[in-house]
Each structure stands twice: as C-alpha cells, then as structure tokens.
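Trainee:
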Amino acid sequence: MNFQVNGRAAFAYTATHAVDPAKRSVVFVHGAGLDHSWWGLQSRYFGYHGFNVLALDLPAHGRSEGPALTGIGEMADWVRKVLDEGKIKSAALIGHSMGSLVSLEFAARYPEAAQKIALIGTAYPMKVGEAFLDAARRNDQAAYDMETIWGHAAQVPLAGNPNPGMWMYGDTLARLARLAPGVLHADLCACNGYAGGFEAAAKVRCPALFVLGRRDVMTPPKAAADLAKAISGSQTVQIGPSGHSLMAEAPDATLDALIAFLA
Amino acid sequence: MAGPKYPGFDTLALHAGQSPDPATGARAVPIYQTTSYVFRDAAHAASLFNMERAGHVYSRISNPTVAVLEERMAALEGGVGAIATASGQAALHLAVATLLDAGSHIVASGALYGGSHNLLGYTLKRFGIETTFVDPRNLNAWKKAINQNTRLLFGETLGNPGLDVLDIPAVSKIAHDAGLPLLVDATFTTPWLMKPFELGADLLYHSATKFLGGHGIAIGGVLVDSGRFDWEKSGKFPQLTAPYAGFHNMDFEEESGTRAFLLRARREGLRDFGACMAPMTAFQILQGIETLHLRMPRHVENTRKVVVFLKGHSAVQAVMYPELDTHPDYKLAKQLLPRGCGAVFSFDLKGGREAGRRFIEALRVFSHLANVGDAKSLVIHPATTTHYRMPDEDLKKAGIGPGTVRLSIGLEDADDLIADLDRALKAAK
Numbered sequence: 108m109n110f111q112v113n114g115r116a117a118f119a120y121t122a123t124h125a126v127d128p129a130k131r132s133v134v135f136v137h138g139a140g141l142d143h144s145w146w147g148l149q150s151r152y153f154g155y156h157g158f159n160v161l162a163l164d165l166p167a168h169g170r171s172e173g174p175a176l177t178g179i180g181e182m183a184d185w186v187r188k189v190l191d192e193g194k195i196k197s198a199a200l201i202g203h204s205m206g207s208l209v210s211l212e213f214a215a216r217y218p219e220a221a222q223k224i225a226l227i228g229t230a231y232p233m234k235v236g237e238a239f240l241d242a243a244r245r246n247d248q249a250a251y252d253m254e255t256i257w258g259h260a261a262q263v264p265l266a267g268n269p270n271p272g273m274w275m276y277g278d279t280l281a282r283l284a285r286l287a288p289g290v291l292h293a294d295l296c297a298c299n300g301y302a303g304g305f306e307a308a309a310k311v312r313c314p315a316l317f318v319l320g321r322r323d324v325m326t327p328p329k330a331a332a333d334l335a336k337a338i339s340g341s342q343t344v345q346i347g348p349s350g351h352s353l354m355a356e357a358p359d360a361t362l363d364a365l366i367a368f369l370a
Numbered sequence: 008m009a010g011p012k013y014p015g016f017d018t019l020a021l022h023a024g025q026s027p028d029p030a031t032g033a034r035a036v037p038i039y040q041t042t043s044y045v046f047r048d049a050a051h052a053a054s055l056f057n058m059e060r061a062g063h064v065y066s067r068i069s070n071p072t073v074a075v076l077e078e079r080m081a082a083l084e085g086g087v088g089a090i091a092t093a094s095g096q097a098a099l100h101l102a103v104a105t106l107l108d109a110g111s112h113i114v115a116s117g118a119l120y121g122g123s124h125n126l127l128g129y130t131l132k133r134f135g136i137e138t139t140f141v142d143p144r145n146l147n148a149w150k151k152a153i154n155q156n157t158r159l160l161f162g163e164t165l166g167n168p169g170l171d172v173l174d175i176p177a178v179s180k181i182a183h184d185a186g187l188p189l190l191v192d193a194t195f196t197t198p199w200l201m202k203p204f205e206l207g208a209d210l211l212y213h214s215a216t217k218f219l220g221g222h223g224i225a226i227g228g229v230l231v232d233s234g235r236f237d238w239e240k241s242g243k244f245p246q247l248t249a250p251y252a253g254f255h256n257m258d259f260e261e262e263s264g265t266r267a268f269l270l271r272a273r274r275e276g277l278r279d280f281g282a283c284m285a286p287m288t289a290f291q292i293l294q295g296i297e298t299l300h301l302r303m304p305r306h307v308e309n310t311r312k313v314v315v316f317l318k319g320h321s322a323v324q325a326v327m328y329p330e331l332d333t334h335p336d337y338k339l340a341k342q343l344l345p346r347g348c349g350a351v352f353s354f355d356l357k358g359g360r361e362a363g364r365r366f367i368e369a370l371r372v373f374s375h376l377a378n379v380g381d382a383k384s385l386v387i388h389p390a391t392t393t394h395y396r397m398p399d400e401d402l403k404k405a406g407i408g409p410g411t412v413r414l415s416i417g418l419e420d421a422d423d424l425i426a427d428l429d430r431a432l433k434a435a436k
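For the record, the sequence lines run as chains Y and S. To convert, count from 1 in the first sequence and add 107; that's this note's numbering. To convert, count from 1 in the second sequence and add 7; that's this note's numbering.
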C-alpha cells in the first residue's frame with residue numbers, strides 16, 4: 108500500500124489485501140536498516156488469516172521516502188499517522204529490535220490505539236557499541252558486517268536455513284547494501300539514544316509479549332529482563348536455537364508465539 | 008576493536024547449509040530420497056502452500072539435501088540464495104525464462120560454450136527471444152548492442168575455449184547504466200578462483216558437473232543470485248515487480264525484496280519447467296565441494312606446468328592461457344584472477360584438423376570426451392565436437408581454429424601428463 112505521511116511517500120506491505128477498518132489490524136515494525144520484507148512469512152500468515160496487515164517501511168527504508176527519522180518517539184508518532192491514514196483506530200504492534208522500542212513507545216503515547224504489543228529481539232537500554240556506531244557513521248562496510256554477524260546466532264553461517272536454498276548472511280548483506288548512506292547510523296543512534304523505556308513501560312496498558320532468542324548476542328534475553336518486569340503482566344517466550352533474527356532463524360516458532368498471543 | 012569475522016572459504020565449503028541431522032545426528036549430509044513431505048495437519052499444509060511457513064512440499068520445488076547444496080553455494084559465492092538444477096544448461100534456461108518474455112533481447116559474449124550458444128542463438132529464437140553476440144573484449148560492442156528490449160547481458164568468466172577473460176567490472180557497469188543485470192557462467196573459475204559478485208555481476212550459474220563435483224559422476228547446475236540488483240528501480244522487469252496471476256497475484260519484489268528473483272525462479276521456474284536436481288546428485292556434488300579448496304590449487308599448479316611444456320614444443324603453434332603474456336587478457340587476468348586462470352585451456356597444433364585427430368588418438372592418460380573440470384585429465388577437439396554446429400565465422404570469433412585442442416588438466420602427476428602429451432605431439436607430426 109502506497110500512501111503519504113507528512114507529505115512524503117510511504118509504503119506498507121498488506122499481503123495483497125485491501126485494508127478493511129472493520130478487521131483486526133496488525134502492524135509490523137522492522138529493525139535497524141531493514142524493511143517490511145524481513146517479516147515475509149509472519150506478515151503473510153496474518154494477512155491470509157483475517158487480519159489487516161501493515162508491514163511498514165519506516166522512512167528511508169525499503170520503498171518509503173527519506174529522510175530517516177532520528178528518534179524512537181518520532182518513529183512512534185509516524186506509525187500513529189500511518190494508522191490514521193488507513194483509518195485504523197487501534198492495532199496490535201509487532202516490533203523487532205529497533206521496531207520493538209517503537210512499538211513500546213507507541214503503546215505508551217497512544218494507549219487507546221495499542222491493542223497488544225509483541226517485542227521481538229528486544230533489550231532496554233538498547234546500547235550500541237562505539238565501534239559499531241563509528242563504522243555506521245562512516246558508512247563503512249564493517250558496520251554492515253557487524254549487523255550481519257551479530258544479528259544472527261553464531262551457528263547460522265554453518266547451519267541450514269529453514270527457508271530452503273537461502274543464505275541468511277547474504278540476504279542481510281544484500282538488504283543493507285540497498286540502504287542510503289547514513290540510514291543505518293540514524294537507526295543505531297535512535298536505539299542507542301532511547302532513554303524512555305522504563306517510563307514507557309509504566310504507561311503500557313495493553314497485553315505485552317516478549318519473544319527472545321536464547322542465542323541472541325545483540326540483545327540477549329537477560330538484557331530484556333528488567334523491561335519485561337516493568338510491564339505489568341507481560342509474557343516472555345524464549346526460542347532456544349535462535350539469535351537476533353528470529354523471524355528468519357526460527358520462523359515457525361516465532362509465528363506460533365505470535366499466533367498464540369494474538370488469538 | 009577488531010570486528011567480527013566471517014567463516015573462511017574452506018570452512019564454508021565443508022559446513023555451510025548443514026548442521027548434524029536433528030533426527031539422527033548424522034554428520035554427513037543425509038540423502039532425503041523422497042518426493043514429498045507429510046503435513047502436520049490441514050492448516051500446516053495450507054500454510055506451506057501459501058508461503059506462510061518455511062518448509063518442503065514436493066521435491067521438484069525443494070528438497071532438504073538439495074537445499075544444503077544451494078545454501079552452500081550461495082555462501083561460497085556471497086549470494087542471497089541459490090537454486091540447484093538438473094544441469095548447467097537448465098540453470099541458464101531458468102535464469103532466462105525467469106527474466107525474459109517473447110520479444111526480449113539478450114546481449115551475450117560470442118565466446119560461449121557451444122550448448123549455450125545453441126540455446127541463445129537458435130532455440131530461444133523459436134520462443135521470440137533474440138540474442139546479439141558480441142566480441143567480449145569490445146566494450147563498445149556490448150554498449151551498442153543494447154536496445155530497448157534488452158533485458159540481460161551474459162558472458163562466461165573465462166570464455167570457452169579461448170579463455171577470454173570477461174571484464175566483469177566494465178561489462179557490469181555497462182549493464183547497470185542501462186538498468187540491466189549481468190549474468191555470468193562461472194563454471195571454469197569456481198568461487199575459489201573468482202567471486203563474480205564482488206566484481207559486479209548480479210547473477211551467476213555453474214555447471215556443477217565440472218569442478219564443483221570434480222568426479223565426473225553427476226550432471227547438475229546451480230543458479231545463484233547476489234540479491235544486489237534492484238528490479239523495482241530498473242523498471243524493466245514486471246515479471247518481478249507486478250502482480251502475477253500465475254502465483255496468487257504475488258508481486259515478488261514487494262513480497263521478498265532481495266529474494267524476488269529466486270522466489271519466482273523457484274515458484275514458477277521449478278514448478279512449471281521442472282528441471283530440478285535429484286537429491287542423490289546434490290549429495291554427490293556436495294562431496295566434491297568439500298574438497299574444492301584443495302583440488303583447485305592442484306588443478307592450477309598442474310596446468311601451469313603443462314602450459315610451460317606446450318609453449319616450448321615445436322609441434323605447437325600457439326597456447327591460449329591468460330597467464331601467458333601473449334594472451335590478450337594477460338593484464339586483466341592478473342587483476343581478476345590472482346589465484347590462477349583455471350585448468351581448462353586450448354592450444355593450436357601445427358598441421359590443422361588431421362594433426363588434431365592423430366594427437367587425440369595417441370593420448371593414453373588424457374581421456375577423449377565431452378566434459379571438463381574432472382579430477383582426470385580430458386581432451387577434446389572443439390571444431391568437430393562441442394562447437395560443431397557453429398558456422399566457421401562464429402568459430403573464428405570464438406577463437407577456435409581447425410587445429411585447436413582443448414585440454415582440461417586434472418590432478419594426476421604433472422610429469423605423467425607431460426609425457427603423455429609429448430608422445431601424442433610426436434605422433435601428430
């Protein structure tokens with residue numbers, strides 16, 4: 108679906124269905140440097156099982172026009188405008204990594220619009236190492252390498268991909284190669300600079316699910332524990348063999364967790 | 008602070024795409040000799056068919072053993088993924104059929120394997136796809152041959168049989184400036200000698216029958232996508248960027264971004280044309296890949312010794328090997344192929360066609376057959392075999408004369424190979 112937000116072109120994948128305000132809606136928010144297609148299997152499932160699906164391309168990602176947004180709060184406000192554009196009063200938000208912070212902040216700022224939030228591969232604070240930030244600032248290939256290698260469990264390059272014939276590292280690198288200069292750095296700064304996590308958690312009124320990869324080296328489960336405690340009644344699902352890229356590394360287990368949560 | 012490291016080539020050649028079998032613990036890649044896979048329940052079946060879950064449905068589309076080979080080759084080449092096919096020719100056809108329609112046009116190197124030349128020059132013409140063949144060294148010719156219907160540029164990393172080195176950085180720039188992808192046949196180089204994606208190619212394929220297998224026991228191909236070509240931005244490929252009624256109105260690029268080409272190639276190409284690889288073949292090719300990094304240096308080492316011998320022999324008119332400073336691509340080869348120029352090359356015998364016949368029939372260690380890239384040394388006379396159907400003018404363009412002999416140097420003792428050649432050259436006089 109192509110639309111306009113703040114006068115700029117934006118895109119959301121809708122699983123080839125028209126948005127119907129009468130249906131329940133699920134909004135997918137991707138992580139740093141990525142785009143809507145990162146949610147391929149999961150977004151398609153919900154689109155074909157009675158939900159409106161909006162798998163977003165945040166500004167400067169995928170098919171959405173730039174410039175990149177520079178803060179998590181700004182991204183949460185942008186998501187709200189997308190819902191307004193689609194005449195959707197409320198939705199479940201599913202966010203991965205940076206997108207999980209956006210979903211959390213959205214639920215705090217717009218409690219009436221957040222039915223549920225699922226935070227996948229999350230941590231708070233989501234600090235980013237100086238070497239990673241610096242490489243991204245210079246648009247150096249090393250930043251894309253760090254995102255790729257740390258973004259998957261250590262066994263990924265030497266193990267089979269659940270998606271037949273695909274090479275996870277190659278896929279991530281190819282996506283990052285399409286990013287405009289500065290976008291990954293803007294995203295990483297947004298994660299690193301986000302300081303409102305516990306404040307937002309205290310304001311969450313909707314059910315919250317944490318989906319965490321036990322082999323995640325970027326946002327290890329222990330780094331999400333305090334945030335999970337801060338959201339009253341939140342549930343946590345840990346997926347054994349997965350690293351940070353849960354939707355690709357453990358697509359079925361991730362989908363099953365989401366199906367159970369959104370049922 | 009040192010950044011994280013990728014696994015090296017040798018490790019990927021042995022491991023990529025497979026962890027010990029979760030059902031049995033088998034360390035070797037199991038051969039999943041099955042046509043189909045039991046669904047957990049009706050909902051699971053529907054989800055697999057509608058691409059909501061990952062997995063296998065039917066072995067024409069995907070198979071766990073074949074998937075290991077595909078992922079391993081994608082890892083070795085640095086691509087997003089791969090599709091294994093029934094042969095190298097099936098891989099070329101799959102690439103063309105995924106991207107081109109009747110009325111489309113290809114610009115291709117004139118120095119191609121005879122089978123590829125036949126497909127492009129004759130067979131695809133019957134289906135409305137035209138090809139203009141150009142001198143691969145003439146960059147202006149590549150540029151000038153592109154027209155409004157062109158959808159693909161195509162060449163071999165090392166041309167067959169003259170070993171023209173394709174200037175991938177320059178040709179890919181010409182392609183990209185025109186909004187087109189560059190496909191290369193990387194059979195002669197393998198990922199050990201060259202990484203075409205790092206040089207600018209967008210798609211590549213191998214005849215896995217050759218060096219990847221190395222044993223001469225299995226026919227197969229592998230098509231690999233870099234995932235770097237932006238089909239949406241090009242605007243020339245509605246096959247990937249517009250809803251397709253043949254697959255649930257899927258817009259492949261919108262659905263999967265970097266994986267669009269492979270998604271359509273698998274879901275349409277394997278489904279409808281059906282030129283898939285058998286699981287046993289995938290297993291056999293994988294056995295070869297596990298030692299690719301050990302075999303290729305020896306292939307190159309033996310080839311260099313044989314080239315030196317032939318170059319100094321009085322019965323030999325010319326040797327075409329890019330590591331010789333007499334080869335027109337000597338400088339380019341140094342730049343693009345620092346590890347070596349492979350193990351397949353040609354030389355011209357003095358005495359033409361009849362000398363060629365006597366030479367081939369006198370060989371004892373070399374096998375006279377239509378293949379290359381085997382662990383055993385091979386020989387063929389292109390003008391009467393692989394390139395038999397090419398007109399003389401096209402043969403000349405491809406650098407083939409009546410006395411041209413193509414050798415594929417294997418892993419035997421180099422001294423034995425040289426002795427065999429020496430005996431046959433004496434017989435040819």
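Just so it is clear, CB atoms sit at the ideal spot from N, CA and C, and this is done for glycine as well.
Can you give me the Cβ contacts of Y:L365 inside the same chain, cut-off strictly under 7 Å, excluding the 5 residues immediately before and after it?
Mentor: Excluding positions up to five away in sequence, the list reads Q149, I201, A225.
Trainee: What did DSSP end up calling S:N57 once you bin it into helix, strand or coil?
Mentor: In this structure, S:N57 counts as coil in the three-state DSSP scheme.
Trainee: S:L106 to S:R274, Cα distance in whole Å?
Mentor: In a straight line, the C-alpha of S:L106 is about 14 Å away from that of S:R274.
Trainee: Can you tell me whether DSSP reads S:E137 as helix, strand or coil?
Mentor: Strand, per DSSP.
Trainee: Using DSSP's beta-bridge definition, name the partner residues of S:R413.
Mentor: S:S353, S:I387.
Trainee: What residues of chain S sit near Y:P104, judged by a beta carbon separation below 8 Å?
Mentor: Since the first residue shown for chain Y is 108 and the last is 370, residue 104 of chain Y is missing from the structure and cannot be characterised.
Trainee: With a threshold of 7 Å on Cβ separation, who are the neighbours of S:G86 within its own chain once the five nearest residues in sequence on each side are excluded?
Mentor: Excluding residues within five positions, the ones whose Cβ falls inside 7 Å are F204, V231, D232, S233, G234.
Trainee: Below 8 Å on the Cβ atoms is my contact criterion, and I expect S:L211 with S:A193 to pass it. Report the Cβ-Cβ distance as a whole number of Å.
Mentor: Confirmed, about 5 Å.
Trainee: Would you identify the three-state DSSP class for S:D192, choosing helix, strand or coil?
Mentor: In this structure, S:D192 counts as strand in the three-state DSSP scheme.
Trainee: By the three-class DSSP mapping on this structure, what secondary structure does Y:N299 have?
Mentor: If DSSP states are grouped into helix, strand and coil, Y:N299 belongs with the helices.
Trainee: Y:N159 and Y:S197 look like a contact to me (Cβ under 8 Å); what is the Cβ gap, rounded to whole Å?
Mentor: So it is not a contact: roughly 11 Å between Cβ atoms.
Trainee: I need the DSSP call for Y:N159, collapsed to helix, strand or coil.
Mentor: Residue state, collapsed to three classes: strand.
Trainee: Is there at least one Cβ from chain S nearer than 7 Å to Y:R244's Cβ?
Mentor: Y:R244 does not count as touching chain S.
Trainee: Would you report the Cα separation of S:G122 and S:V172, rounded to the nearest angstrom?
Mentor: Spanning the two alpha carbons is a distance of roughly 19 Å.
Trainee: Buried or exposed: S:A49, going by 16 or more other Cβ atoms within 10 Å of its Cβ?
Mentor: So S:A49 ends up on the exposed side.
Trainee: Beta-carbon within less than 6 Å of Y:A315's beta-carbon, same chain only, minus the 5 sequence neighbours each way: which residues are those?
Mentor: Closer than 6 Å at the Cβ level, and outside the excluded window around Y:A315, lie I224, I338, S341.
Trainee: Could you name the residues that DSSP lists as bridge partners for S:A115?
Mentor: For S:A115, which the question treats as bridged, DSSP gives the partners S:F140, S:F161.
Trainee: Can you list, in chain order, the residues of its chain with a C-beta nearer than 6 Å to that of Y:H124? Leave out the 5 residues immediately preceding and following it.
Mentor: So the qualifying residues of the chain are G154.
Trainee: Please check the pair S:E78 and Y:G267, which I expect to be a contact at CB under 8 Å, by giving their CB distance rounded to whole angstroms.
Mentor: With a Cβ gap of about 6 Å, S:E78 and Y:G267 count as contacting.
Trainee: Between the segment 330–345 of chain S and the segment 354–368 of chain S, are three or more C-beta pairs nearer than 8 Å?
Mentor: With a cut-off of 8 Å, the segment 354–368 of chain S and the segment 330–345 of chain S do not count as touching, because too few Cβ pairs lie within range.
Trainee: Any idea what DSSP makes of S:K243, helix, strand or coil?
Mentor: Reduced to three states, the DSSP call for S:K243 is coil.
Trainee: Thinking just about the alpha-carbon of each residue, which of S:I181, S:T298, S:F195 is nearest to the one in S:D209?
Mentor: The shortest Cα separation from S:D209 among S:I181, S:T298, S:F195 belongs to S:I181.
Trainee: Starting from Y:Q248, follow its DSSP beta bridges and name the residues at the other end.
Mentor: Its beta-bridge partners do not exist; DSSP assigns none.
Trainee: Pairs of beta-carbons, one from the segment 294–307 of chain S and one from the segment 18–26 of chain S, closer than 8 Å: are there three or more?
Mentor: Yes, the segment 294–307 of chain S touches the segment 18–26 of chain S.
Trainee: Take every Cβ of the segment 173–186 of chain Y, pair it with every Cβ of the segment 291–300 of chain Y, and state whether three or more of those distances are shorter than 8 Å.
Mentor: Cβ pair count under 8 Å is three or more, so yes.
Trainee: Just checking my contact of S:A93 with S:M284 at CB under 8 Å: how many whole Å lie between their CB atoms?
Mentor: Yes, they are in contact, since the Cβ atoms of S:A93 and S:M284 sit about 6 Å apart, within 8 Å.
Trainee: Are S:L414 and S:V372 close, meaning C-beta to C-beta below 7 Å?
Mentor: Cβ distance not < 7 Å, so S:L414 and S:V372 don't count as in contact.
Trainee: Using a C-beta to C-beta distance shorter than 8 Å, which residues of chain Y count as neighbours of S:L269?
Mentor: Result: G272, M273.
Trainee: For chain Y, is any of its Cβ atoms less than 7 Å away from the one on S:Q96?
Mentor: No, no contact with chain Y.
Trainee: By Cβ distance, which residues of its chain are closer than 7 Å to Y:D127, with the 5 residues on each side in sequence left out?
Mentor: Around Y:D127: N159.
Trainee: In the DSSP output, which residue or residues are listed as bridge partners for Y:C313?
Mentor: None; Y:C313 has no bridge partner.
Trainee: Using 8 Å for Cβ pairs, my map puts S:T265 next to Y:R151. What's the rounded Cβ distance?
Mentor: Actually they are not in contact, since the Cβ atoms of S:T265 and Y:R151 sit about 16 Å apart, beyond 8 Å.
Trainee: Report the residue ranges of all beta strand (DSSP E) runs contained in full by the segment 161–236 of chain Y; include only those spanning at least 3 residues, in chain order.
Mentor: Counting only runs of 3 or more, we get 198–203, 221–227.
Trainee: By alpha-carbon positions, which one of S:M58, S:L187, S:V73, S:Y120 ends up nearest to S:H112?
Mentor: The residue with the shortest Cα to Cα distance from S:H112 is S:L187.
Trainee: Apart from the five residues just before and just after S:M8, which ones in its own chain have a Cβ nearer than 6 Å to its Cβ?
Mentor: Summary for S:M8: the model assigns pLDDT 49, below 50, so the residue's position carries little reliability; its value from the coordinates is reported in the next sentence. Correct list: empty, nothing qualifies.
Trainee: May I have a chain-ordered list of the beta strand (DSSP E) segments no shorter than 3 residues that lie completely inside the segment 310–353 of chain Y?
Mentor: Those beta strand (DSSP E) runs which fall completely within the segment 310–353 of chain Y and span 3+ residues are 315–320, 342–346.
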